[in-house]
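**Q**
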Amino acid sequence: MNETSHPRRRFLINAVLASAALPLAVRALSGEARAADLPKLPLDNAQAKALNYVETTEGLTHASYKAGSLCSNCQFYQGAATDEWAGCTLFPGYNVAGKGWCSAWAKKAG
Ligand code: SF4
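Heads up: the sequence shown begins at 85 in this note's numbering, then just goes up one per residue.
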């Protein structure tokens with residue numbers, strides 16, 4: 085291989101590596117890949133039961149529940165407000181329902 089082909093070859097290798105890595109990096113940064121792979125938080129999970137977690141606030145009568153509070157507007161929700169399911173920092177390894185709620189709910193800032 086002659087000397088002038090090395091920079092070009094290095095450029096091509098870098099371009100291929102960058103194009104392969106970019107989608108993975110974007111998904112990792114957005115949390116999409118991680119959230120999509122997580123199972124739903126089981127209702128019989130000990131911590132979920134301790135925090136009175138529910139998948140829907142419809143008909144919820146818990147004393148701490150305030151109308152309009154949902155996982156999707158909780159500061160611990162790791163998804164976008166429109167995501168049906170996403171991670172929660174209090175329940176690592178699981179997705180919680182965007183329309184769900186638990187007694188640890190805290191209003192998302194902003
Ligand atoms: S901490 Fe917030 S996001 Fe997590 S389950 Fe409770 S209400 Fe939902």
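A virtual CB, placed ideally from N, CA and C, is assigned to each residue, including glycine.
These figures come from a predicted structure and were not determined experimentally.
Does the distance between the C-beta of Val138 and the nearest non-hydrogen atom of the ligand SF4 fall short of 6 Å?
**A** Position 54 of the sequence shown, counted from the first residue, corresponds to residue 138. False, no ligand heavy atom lies under 6 Å from that Cβ.
**Q** Closest to Ala190 by C-alpha separation, out of Thr173, Tyr178, Asn179, would be which residue?
**A** The count along the sequence shown starts at 1 and reaches residue 190 at position 106. Considering only alpha carbons, the answer is Thr173.
**Q** Measuring straight from C-alpha to C-alpha, what distance separates Tyr149 and Lys133?
**A** Here residue 149 refers to the residue found at position 65 of the sequence shown. Here residue 133 refers to the residue found at position 49 of the sequence shown. Their backbone Cα atoms lie some 15 Å apart in a straight line.
**Q** Is it the case that the Cβ atoms of Thr145 and Trp185 are separated by a distance below 7 Å?
**A** Counted from its first residue, the sequence shown places residue 145 at position 61. Counted from its first residue, the sequence shown places residue 185 at position 101. For Thr145 and Trp185, no; Cβs fall outside 7 Å.
**Q** Identify the continuous alpha helix (DSSP H) that holds Ala130 and give its terminal residues.
**A** Locating residue 130 in the sequence shown gives position 46, counting from the first residue. Residues 130-134.
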